[in-house]
Structure formats: structure tokens, C-alpha cells
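Student: Got a structure for you, written out below as C-alpha cells; questions coming shortly.
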Amino acid sequence: MNGFKNKTVISKKDISEINRHIYFKTPLYIVLYIICILSIVSRLIDYFIYNELNLNATIPFLLALIAMVFVFTTNNRNMFNQSIDDNGNPLTYNYTLEDNVLKLQTNDGNNGEIPKNMVYKSFETKNCFAVRSRQNAFFIIKKDSFIEGSADVLKDFLEIK
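The sequence shown begins at 7 in my numbering and counts up by one.
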């Protein structure tokens, strides 16, 4: 078999796992968090050691840190809202891999596909795979939901080692 079939139902836990990987393991975000936290810590040191309080230097970094947390929580909520239908029932995502094209069809009639040459970024978490195309399509495929084939076929397609 050169492909697979997968029937995924995405939970809040899955979405949170994917977003934690994106927002807390991506080098750019890690650097931004470190800069914000170090700036706030340095202002606290100024206050407690030198008895100087310079809020003008602290407020932008504190606001940036709050904004990053806000983006993370908002993205979690938006992704979850996209994974349920109008009645609040979870959508079922049917994924297939045929002829080096990853195809998606949902139980509400939406569909999409990502040819291998259009995969922009992919990664693996404990329970899921995430695939992003160059056109910003984003697929979350659960590891334990393969009906035919296996996760190894998807890993080979995505070239995840």
C-alpha cells in the first residue's frame, strides 16, 4: 500500500498539544518569551536592589508577553471552534494519501488537499501530526486513528525522522 486512510476527531487536548508545540517550541517564540521575561526580571532587580522603578522600560515587554499569551489562547479557541459543526458536534476528518497527495474530507462536506511539493511545514507531537501547506491549509492527523496503513506512511510522506 502506498497510502493510508485515517478518520480523525480532534479534541481540545489535541489542539492544545499542537499549539503548545507551535508557540512554546518554535525558536522565534522562545526568543521572544525569553526577552520579555528577562526584561521584566531586570526591572524587578532594579526595583529591589537599587530601589528604582522604571515602568516605561517594563510596560512594553509586559504588554508583549500578555499579547503572546492572548494569541495562544485565542488560537486554541478558534481552532477548536473550527473543529465543531454548527450544532456543537465534533467534525470527523477523513484523510487519505494517494499518489503523493494528502486529501481531506470532513463530514460536513468540506474538502482539501496538499500535494507533497506543497507541504510547507510539518511536525509530530505525542498524539498527532500537523501539516501546513504553502496555501496555509492546516491539517491535524491523530496517530491512533489510522483505518488502513499506518503513521509510518505519513511520516515517510512528510519526511519526518
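C-beta atoms are modelled at their ideal positions from N, C-alpha and C, and glycine is treated no differently.
Identify whether Ala-136 lies in helix, strand or coil by the three-state DSSP scheme.
Tutor: In the structure shown, Ala-136 sits in a strand (DSSP, three-state: E or B).
Student: By the DSSP assignment, the beta strand (DSSP E) with Ile-146 in it spans what residues?
Tutor: Looking at the DSSP string, the run of the beta strand (DSSP E) that includes Ile-146 is 144-148.
Student: Taking three-plus beta-carbon pairs below 8 Å as touching, is the region 40-54 in contact with the region 12-22?
Tutor: Judged by Cβ distances under 8 Å, the region 40-54 makes no contact with the region 12-22, as fewer than three pairs qualify.
Student: Could you tell me the distance, in whole angstroms, from the CA atom of Asn-100 to the CA atom of Asn-87?
Tutor: Spanning the two alpha carbons is a distance of roughly 18 Å.
Student: Run through the DSSP bridge pairs and tell me what Thr-3 is partnered with.
Tutor: Lying outside 7 to 167, the shown extent of the chain, residue 3 is not represented and no answer is given.
Student: Quick check on DSSP: helix, strand or coil for Asn-151?
Tutor: The residue you asked about is not Asn; residue 151 is Ser in the sequence shown. Of the three classes helix, strand and coil, the one that applies to Ser-151 here is helix, per DSSP.
Student: Tell me which same chain residues have a C-beta within less than 7 Å of the C-beta of Ala-143, skipping the five on either side of it?
Tutor: The residues are Gly-118, Ile-120.
Student: Ile-28 and Ala-136 - do their beta-carbons sit closer together than 9 Å?
Tutor: It is a contact, given that the beta carbons lie within the stated cut-off.
Student: Which residues in the same chain as Ala-63 place their Cβ atom closer than 8 Å to its Cβ, once the five residues preceding and following it in sequence are excluded?
Tutor: Within the same chain, Ala-63 has close Cβ partners Ser-45, Arg-49.
Student: In three-state DSSP terms, what is Gln-189?
Tutor: Lying outside 7 to 167, the shown extent of the chain, residue 189 is not represented and no answer is given.
Student: In this structure, does DSSP put Glu-130 in helix, strand or coil?
Tutor: The answer is strand: DSSP assigns Glu-130 an E or B state.
Student: Over what stretch of residues does the beta strand (DSSP E) that includes Ile-55 continue unbroken?
Tutor: First-last for Ile-55: 33-56, but that is the alpha helix (DSSP H), not the beta strand (DSSP E).
Student: Who are the Cβ neighbours of Thr-98 in its own chain at under 8 Å, not counting the five residues just before and after it?
Tutor: Correct list, in chain order: Lys-13, Thr-14, Val-15, Thr-112, Asn-113.
Student: Is DSSP giving Ile-90 helix, strand or coil here?
Tutor: Ile-90: strand per DSSP, three-state reduction.
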